[in-house]
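Each number in the working numbering corresponds to the 1-based position in the sequence shown with 437 added. C-beta atoms are modelled at their ideal positions from N, C-alpha and C, and glycine is treated no differently. The model shown is predicted, which means the values in this text are computed figures rather than measured ones. For reference, the structure discussed in these notes is given below.
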Amino acid sequence: MSRTGRVRLFLCAAAVIAVAYTLACTGLPHFGSAVHPYGARAVAATLKQRTANTISSINFDQRAFDTLGEESILLGSVLGATALLRRTDDERLSRRRVARVLPSTRLFGTLLLPVALLTGIYIVAHGQLSPGGGFQGGVILATALHLAYVAADYRALDRIRPRELLDSVDAVAAGAFTCLGLAGLIASAAYLKNVLPLGTFNTLSSGGMVPVINAAVGIEVASGVIVLLAYFLDQSITTSPGEADGTDPSDASGTSGTSDTSGTSDASGTSDASDPRKAT
438 MSRTGRVRLF
448 LCAAAVIAVA
458 YTLACTGLPH
468 FGSAVHPYGA
478 RAVAATLKQR
488 TANTISSINF
498 DQRAFDTLGE
508 ESILLGSVLG
518 ATALLRRTDD
528 ERLSRRRVAR
538 VLPSTRLFGT
548 LLLPVALLTG
558 IYIVAHGQLS
568 PGGGFQGGVI
578 LATALHLAYV
588 AADYRALDRI
598 RPRELLDSVD
608 AVAAGAFTCL
618 GLAGLIASAA
628 YLKNVLPLGT
638 FNTLSSGGMV
648 PVINAAVGIE
658 VASGVIVLLA
668 YFLDQSITTS
678 PGEADGTDPS
688 DASGTSGTSD
698 TSGTSDASGT
708 SDASDPRKAT
(Lines of atoms letter the chains of each structure in order from A and count residues from 1; the text may use other names and numbers.)
(Lines give C-alpha, C1' and ligand atoms only; values in the text may rest on other atoms or scores of the structure.)
Protein backbone atom coordinates (compact mmCIF):
# COMPACT_ATOMS: atom_id res chain seq x y z
CA MET A 1 0.00 0.00 0.00
CA SER A 2 1.30 3.44 -0.89
CA ARG A 3 1.89 6.20 1.63
CA THR A 4 -1.16 8.09 0.36
CA GLY A 5 -3.31 5.00 0.73
CA ARG A 6 -2.16 4.44 4.32
CA VAL A 7 -2.92 8.04 5.22
CA ARG A 8 -6.41 7.83 3.72
CA LEU A 9 -7.09 4.56 5.54
CA PHE A 10 -5.95 6.10 8.81
CA LEU A 11 -8.15 9.18 8.31
CA CYS A 12 -11.21 7.04 7.57
CA ALA A 13 -10.65 4.88 10.65
CA ALA A 14 -9.99 7.95 12.80
CA ALA A 15 -13.21 9.56 11.60
CA VAL A 16 -15.25 6.46 12.48
CA ILE A 17 -13.69 6.24 15.93
CA ALA A 18 -14.22 9.98 16.51
CA VAL A 19 -17.92 9.72 15.64
CA ALA A 20 -18.42 6.64 17.83
CA TYR A 21 -16.56 8.25 20.74
CA THR A 22 -18.61 11.45 20.43
CA LEU A 23 -21.89 9.53 20.42
CA ALA A 24 -20.78 7.51 23.44
CA CYS A 25 -19.84 10.63 25.39
CA THR A 26 -23.12 12.37 24.62
CA GLY A 27 -24.98 9.38 26.05
CA LEU A 28 -23.25 9.62 29.43
CA PRO A 29 -25.11 11.03 32.46
CA HIS A 30 -24.44 14.68 33.18
CA PHE A 31 -21.62 15.45 35.60
CA GLY A 32 -22.93 15.60 39.17
CA SER A 33 -26.12 13.76 38.25
CA ALA A 34 -27.77 11.43 40.74
CA VAL A 35 -28.14 8.83 38.01
CA HIS A 36 -25.19 6.43 37.67
CA PRO A 37 -26.26 3.44 35.55
CA TYR A 38 -22.90 1.69 35.52
CA GLY A 39 -22.21 2.34 39.19
CA ALA A 40 -25.60 1.04 40.25
CA ARG A 41 -25.16 -2.15 38.22
CA ALA A 42 -21.61 -2.66 39.50
CA VAL A 43 -22.63 -2.29 43.14
CA ALA A 44 -25.61 -4.63 42.66
CA ALA A 45 -23.33 -7.27 41.10
CA THR A 46 -20.83 -6.80 43.93
CA LEU A 47 -23.47 -7.45 46.59
CA LYS A 48 -24.79 -10.43 44.65
CA GLN A 49 -21.29 -11.96 44.59
CA ARG A 50 -20.79 -11.08 48.30
CA THR A 51 -17.68 -9.01 47.67
CA ALA A 52 -17.36 -6.06 50.05
CA ASN A 53 -14.91 -4.09 47.88
CA THR A 54 -16.66 -3.03 44.68
CA ILE A 55 -13.37 -2.17 42.94
CA SER A 56 -12.01 -5.69 43.48
CA SER A 57 -15.32 -7.14 42.30
CA ILE A 58 -15.02 -5.17 39.06
CA ASN A 59 -11.34 -6.06 38.55
CA PHE A 60 -11.49 -9.75 39.37
CA ASP A 61 -15.07 -10.70 38.60
CA GLN A 62 -17.10 -8.33 36.42
CA ARG A 63 -14.23 -7.53 34.03
CA ALA A 64 -11.69 -10.15 35.07
CA PHE A 65 -10.82 -10.85 31.42
CA ASP A 66 -9.51 -7.27 31.07
CA THR A 67 -7.47 -7.70 34.25
CA LEU A 68 -5.94 -10.86 32.79
CA GLY A 69 -4.70 -8.76 29.87
CA GLU A 70 -3.25 -6.16 32.24
CA GLU A 71 -1.42 -8.86 34.18
CA SER A 72 -0.06 -10.30 30.94
CA ILE A 73 1.51 -6.91 30.15
CA LEU A 74 3.65 -7.16 33.29
CA LEU A 75 4.56 -10.75 32.48
CA GLY A 76 5.60 -9.65 29.00
CA SER A 77 7.74 -6.90 30.51
CA VAL A 78 9.53 -9.42 32.70
CA LEU A 79 10.17 -11.70 29.73
CA GLY A 80 11.45 -8.79 27.67
CA ALA A 81 13.78 -7.60 30.42
CA THR A 82 15.06 -11.13 30.91
CA ALA A 83 15.88 -11.46 27.23
CA LEU A 84 17.43 -8.01 26.76
CA LEU A 85 19.26 -7.51 30.06
CA ARG A 86 20.59 -10.99 30.74
CA ARG A 87 24.30 -11.10 31.44
CA THR A 88 26.43 -12.08 28.47
CA ASP A 89 29.59 -14.19 28.47
CA ASP A 90 31.88 -11.14 28.33
CA GLU A 91 30.28 -9.48 31.37
CA ARG A 92 30.76 -10.13 35.06
CA LEU A 93 29.80 -8.50 38.34
CA SER A 94 32.29 -5.84 39.36
CA ARG A 95 33.61 -5.70 42.92
CA ARG A 96 32.92 -2.06 43.59
CA ARG A 97 33.72 -0.49 46.92
CA VAL A 98 30.71 -0.62 49.24
CA ALA A 99 29.38 2.87 49.94
CA ARG A 100 28.89 3.96 53.52
CA VAL A 101 25.27 3.90 54.69
CA LEU A 102 24.13 6.40 57.28
CA PRO A 103 23.24 4.74 60.60
CA SER A 104 19.79 6.35 60.51
CA THR A 105 19.15 4.93 57.01
CA ARG A 106 20.28 1.49 58.11
CA LEU A 107 18.09 1.63 61.22
CA PHE A 108 14.92 2.79 59.45
CA GLY A 109 15.43 0.37 56.58
CA THR A 110 15.87 -2.57 58.95
CA LEU A 111 12.81 -1.62 61.00
CA LEU A 112 10.57 -0.82 58.05
CA LEU A 113 11.33 -3.95 56.02
CA PRO A 114 9.20 -6.39 58.10
CA VAL A 115 6.50 -3.75 58.57
CA ALA A 116 6.30 -3.16 54.82
CA LEU A 117 6.16 -6.91 54.17
CA LEU A 118 3.26 -7.34 56.60
CA THR A 119 1.49 -4.35 55.07
CA GLY A 120 1.81 -5.80 51.57
CA ILE A 121 0.51 -9.20 52.70
CA TYR A 122 -2.43 -7.55 54.47
CA ILE A 123 -3.39 -5.47 51.43
CA VAL A 124 -3.26 -8.51 49.14
CA ALA A 125 -5.17 -10.76 51.56
CA HIS A 126 -7.89 -8.18 52.25
CA GLY A 127 -8.23 -6.93 48.68
CA GLN A 128 -11.80 -8.18 48.39
CA LEU A 129 -12.79 -6.47 51.66
CA SER A 130 -11.04 -3.10 51.78
CA PRO A 131 -9.18 -0.71 49.44
CA GLY A 132 -6.15 -2.37 47.90
CA GLY A 133 -5.68 -5.67 46.17
CA GLY A 134 -3.15 -7.75 44.29
CA PHE A 135 -1.64 -4.99 42.18
CA GLN A 136 -1.14 -2.53 45.03
CA GLY A 137 -0.07 -5.14 47.58
CA GLY A 138 2.32 -6.80 45.12
CA VAL A 139 4.16 -3.52 44.52
CA ILE A 140 4.41 -2.94 48.28
CA LEU A 141 5.85 -6.44 48.78
CA ALA A 142 8.49 -5.85 46.10
CA THR A 143 9.35 -2.45 47.55
CA ALA A 144 9.67 -3.91 51.04
CA LEU A 145 12.25 -6.45 49.89
CA HIS A 146 14.37 -3.72 48.30
CA LEU A 147 14.63 -1.89 51.61
CA ALA A 148 17.51 -4.31 52.22
CA TYR A 149 19.31 -2.65 49.30
CA VAL A 150 18.65 0.81 50.73
CA ALA A 151 19.63 -0.10 54.29
CA ALA A 152 22.66 -2.24 53.43
CA ASP A 153 23.95 -2.97 49.92
CA TYR A 154 23.32 -5.07 46.84
CA ARG A 155 24.90 -8.17 48.37
CA ALA A 156 22.42 -8.14 51.24
CA LEU A 157 19.54 -7.89 48.78
CA ASP A 158 20.97 -10.67 46.62
CA ARG A 159 21.16 -13.02 49.60
CA ILE A 160 17.43 -12.70 50.41
CA ARG A 161 16.17 -12.53 46.81
CA PRO A 162 15.87 -15.95 45.10
CA ARG A 163 15.70 -14.66 41.53
CA GLU A 164 15.51 -18.06 39.81
CA LEU A 165 12.65 -19.11 42.09
CA LEU A 166 10.82 -15.83 41.55
CA ASP A 167 11.14 -16.25 37.79
CA SER A 168 9.19 -19.51 38.10
CA VAL A 169 6.72 -18.10 40.62
CA ASP A 170 5.93 -15.22 38.28
CA ALA A 171 5.06 -17.59 35.45
CA VAL A 172 3.08 -19.96 37.71
CA ALA A 173 1.01 -17.12 39.21
CA ALA A 174 0.19 -15.73 35.77
CA GLY A 175 -0.72 -19.23 34.59
CA ALA A 176 -2.93 -19.72 37.66
CA PHE A 177 -5.07 -16.77 36.59
CA THR A 178 -5.54 -18.38 33.17
CA CYS A 179 -6.32 -21.79 34.67
CA LEU A 180 -8.94 -20.31 36.99
CA GLY A 181 -10.64 -18.89 33.92
CA LEU A 182 -10.58 -22.30 32.27
CA ALA A 183 -12.22 -23.80 35.36
CA GLY A 184 -15.16 -21.45 34.87
CA LEU A 185 -15.28 -22.30 31.18
CA ILE A 186 -15.43 -26.03 31.91
CA ALA A 187 -17.97 -25.74 34.72
CA SER A 188 -20.39 -23.19 33.24
CA ALA A 189 -19.31 -22.50 29.65
CA ALA A 190 -18.16 -18.97 30.59
CA TYR A 191 -14.51 -18.00 30.93
CA LEU A 192 -13.61 -16.76 34.45
CA LYS A 193 -17.11 -17.57 35.67
CA ASN A 194 -17.19 -18.02 39.43
CA VAL A 195 -17.20 -21.71 40.42
CA LEU A 196 -16.42 -21.39 44.14
CA PRO A 197 -18.77 -20.88 47.11
CA LEU A 198 -19.49 -17.20 47.71
CA GLY A 199 -19.07 -17.50 51.48
CA THR A 200 -20.23 -14.99 54.08
CA PHE A 201 -20.26 -11.31 53.16
CA ASN A 202 -17.33 -9.23 54.53
CA THR A 203 -15.18 -12.21 55.52
CA LEU A 204 -11.85 -13.39 54.08
CA SER A 205 -13.53 -16.40 52.49
CA SER A 206 -16.22 -14.33 50.74
CA GLY A 207 -16.35 -13.37 47.09
CA GLY A 208 -15.93 -16.77 45.47
CA MET A 209 -13.02 -16.64 43.02
CA VAL A 210 -12.25 -12.96 43.69
CA PRO A 211 -9.83 -13.55 46.62
CA VAL A 212 -8.15 -16.43 44.78
CA ILE A 213 -7.55 -14.40 41.62
CA ASN A 214 -6.54 -11.42 43.75
CA ALA A 215 -3.90 -13.53 45.52
CA ALA A 216 -2.57 -14.85 42.21
CA VAL A 217 -2.23 -11.29 40.90
CA GLY A 218 -0.49 -10.18 44.10
CA ILE A 219 2.09 -12.97 43.83
CA GLU A 220 2.64 -12.33 40.13
CA VAL A 221 3.06 -8.57 40.56
CA ALA A 222 5.43 -8.91 43.53
CA SER A 223 7.66 -11.50 41.87
CA GLY A 224 7.54 -9.72 38.50
CA VAL A 225 8.60 -6.35 39.92
CA ILE A 226 11.40 -7.96 41.94
CA VAL A 227 12.74 -9.77 38.88
CA LEU A 228 12.53 -6.62 36.75
CA LEU A 229 14.48 -4.59 39.30
CA ALA A 230 16.98 -7.43 39.69
CA TYR A 231 17.98 -7.24 36.03
CA PHE A 232 18.23 -3.46 36.06
CA LEU A 233 20.33 -3.50 39.24
CA ASP A 234 22.57 -6.16 37.75
CA GLN A 235 23.21 -3.94 34.76
CA SER A 236 24.30 -1.09 37.02
CA ILE A 237 27.03 -3.22 38.66
CA THR A 238 28.00 -5.38 35.68
CA THR A 239 31.13 -4.56 33.73
CA SER A 240 33.07 -6.05 30.87
CA PRO A 241 36.42 -7.71 31.66
CA GLY A 242 38.31 -4.65 30.39
CA GLU A 243 36.34 -2.34 32.67
CA ALA A 244 36.73 -4.68 35.64
CA ASP A 245 40.55 -4.72 35.48
CA GLY A 246 40.90 -1.04 34.60
CA THR A 247 41.69 -1.52 30.91
CA ASP A 248 39.84 0.48 28.29
CA PRO A 249 38.69 -2.13 25.71
CA SER A 250 38.77 0.54 22.97
CA ASP A 251 42.42 1.44 23.72
CA ALA A 252 44.62 -0.67 21.47
CA SER A 253 47.72 0.16 23.50
CA GLY A 254 46.28 -1.63 26.52
CA THR A 255 47.29 1.06 29.02
CA SER A 256 45.25 1.06 32.19
CA GLY A 257 43.63 3.94 33.97
CA THR A 258 41.54 4.26 37.06
CA SER A 259 39.72 1.15 38.23
CA ASP A 260 36.87 0.88 40.69
CA THR A 261 37.88 -2.61 41.77
CA SER A 262 41.65 -2.56 42.18
CA GLY A 263 42.21 0.88 43.61
CA THR A 264 44.04 3.74 41.86
CA SER A 265 46.56 2.63 39.25
CA ASP A 266 48.65 4.38 36.63
CA ALA A 267 50.46 3.33 33.48
CA SER A 268 53.34 1.88 35.48
CA GLY A 269 50.97 -0.54 37.20
CA THR A 270 51.44 0.80 40.75
CA SER A 271 48.45 0.47 43.03
CA ASP A 272 47.35 2.52 46.00
CA ALA A 273 46.46 -0.08 48.64
CA SER A 274 46.61 2.28 51.59
CA ASP A 275 42.84 2.27 51.79
CA PRO A 276 41.79 -1.27 52.86
CA ARG A 277 38.37 -0.79 51.24
CA LYS A 278 40.05 -0.45 47.84
CA ALA A 279 42.50 -3.31 48.19
CA THR A 280 41.56 -6.52 46.46
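Residue i in three-state terms, based on DSSP
i, result
"F638", "coil"
"V606", "helix"
"Q672", "helix"
"L566", "coil"
"D590", "coil"
"G469", "coil"
"K630", "coil"
"A704", "Bear in mind that a pLDDT of 42 at A704, under 50, signals an unreliable position, so the number given afterwards is only what the model happens to contain. The answer is coil: DSSP assigns A704 none of H, G, I, E or B."
"I558", "helix"
"T547", "helix"
"D709", "Per-residue confidence for D709 stands at a pLDDT of 45, beneath the threshold of 50, marking its modelled position as unreliable; the derived number appears in the next sentence. DSSP places D709 in coil when its eight states are reduced to three."
"P540", "helix"
"T525", "coil"
"S660", "helix"
"T488", "coil"
"G621", "helix"
"R598", "coil"
"G612", "helix"
"G655", "helix"
"G691", "Any reading at G691 needs caution, since the residue's pLDDT is 42, under 50, leaving its predicted position unreliable; the model's value is listed next. Coil, per DSSP."
Extent of the continuous alpha helix (DSSP H) to which residue i belongs
i, result
"S514", "A501 to L522"
"S494", "T491 to S494"
"G442", "R440 to T463"
"L582", "G571 to L582"
"V480", "P474 to K485"
Proximity below 9 angstroms, CB of residue i to CB of residue j
i, j, result
"N490", "L566", "yes"
"A482", "S494", "yes"
"L617", "A667", "no"
"V632", "A624", "yes"
"D590", "G661", "no"
"G570", "G564", "yes"
"L629", "L622", "yes"
"T519", "A553", "no"
"A613", "A653", "yes"
Buried versus exposed, by CB contacts within 10 Å (16 or more), residue i
i, result
"F638", "exposed"
"G655", "buried"
"A659", "buried"
"R598", "buried"
"H583", "buried"
"M646", "buried"
"D487", "The residue asked about is misnamed: residue 487 is Arg in this sequence, not Asp. With 16 or more Cβ atoms within 10 Å of its Cβ, R487 is classed as buried."
"T459", "exposed"
"L505", "buried"
"E508", "buried"
"T498", "First, the residue type needs correcting, since residue 498 is Asp and not Thr in the sequence shown. With 16 or more Cβ atoms within 10 Å of its Cβ, D498 is classed as buried."
"G513", "exposed"
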